[in-house]
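Mind the numbering: the sequence shown is residues 332 to 481 in our numbering, read in order. One structure is given below, encoded as structure tokens.
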Amino acid sequence: MIARGKAGRTLVLTSSLVVWMLSLAFSAQGLSEEALTRQQRGGGVMISLTYLNPLQKAPEGKMAFALSMNTHSVDLDQYVIERLASLRNDRGQEVQALSLSSPTGGGHHRFGVLLFPQTDAAGNPLVTKDTKYLQVIIREVAQKERWVFQ
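Encoded structure:
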């Protein structure tokens with residue numbers, strides 16, 4: 332589907348601006364977008380996540396991941412991603428997503444920033460100097476039971 336008209340131009344400009352801003356942030360920190368981005372395909376959908384916290388400030392007490400979902404065959408509006416996403420560390424601490432901030436797009440193309448708390452329900456931090464990895468888990472999207480981004 333080709334986006335046409337004012338809404339299509341706005342979506343393209345917004346997406347281009349986000350990519351440009353992320354590129355500047357990555358360059359300033361000496362980190363590559365590739366190193367902080369994970370991508371998967373399944374059920375006719377491609378999901379891409381970029382961990383933003385090492386690059387720029389996230390809202391106080393939040394961990395942020397830029398989300399991009401694209402397809403030509405699935406209506407992505409049916410998925411409430413913030414209810415389907417969780418964040419887990421190598422120690423097994425897991426938290427539910429708080430929200431999808433700055434959502435744009437719709438239908439076959441959705442973008443936004445997934446926000447998670449930085450601490451678990453007991454107040455323990457998810458990321459410490461000893462943390463080996465983080466996983467964002469998205470459940471039941473496009474006939475795929477679990478999407479795991481590590």
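Think of the CB as a built atom: it goes at the ideal place given N, C-alpha and C, for glycine as much as any other residue.
query                                                                                                     : result
Between which two residues does the beta strand (DSSP E) harbouring ARG470 extend?                        : 465-472
Have a look at GLN427 and ALA366 and give me their C-alpha separation to the nearest angstrom.            : 24 Å
In the DSSP assignment, the beta strand (DSSP E) including ARG369 goes from what residue to what residue? : 368-373
Does SER346 come out as helix, strand or coil in the three-state DSSP assignment?                         : Below a pLDDT of 50, predicted positions are generally treated as unreliable, and SER346, at 44, falls in that range; the measurement from the model is reported next regardless. Looking at SER346 - three-state DSSP - the assignment turns out to be helix.
Is LEU415 helix, strand or coil by DSSP?                                                                  : helix
Could you give the residue range of the beta strand (DSSP E) that holds VAL405?                           : It is not in any beta strand (DSSP E) - VAL405 carries neither H nor E in the DSSP assignment.
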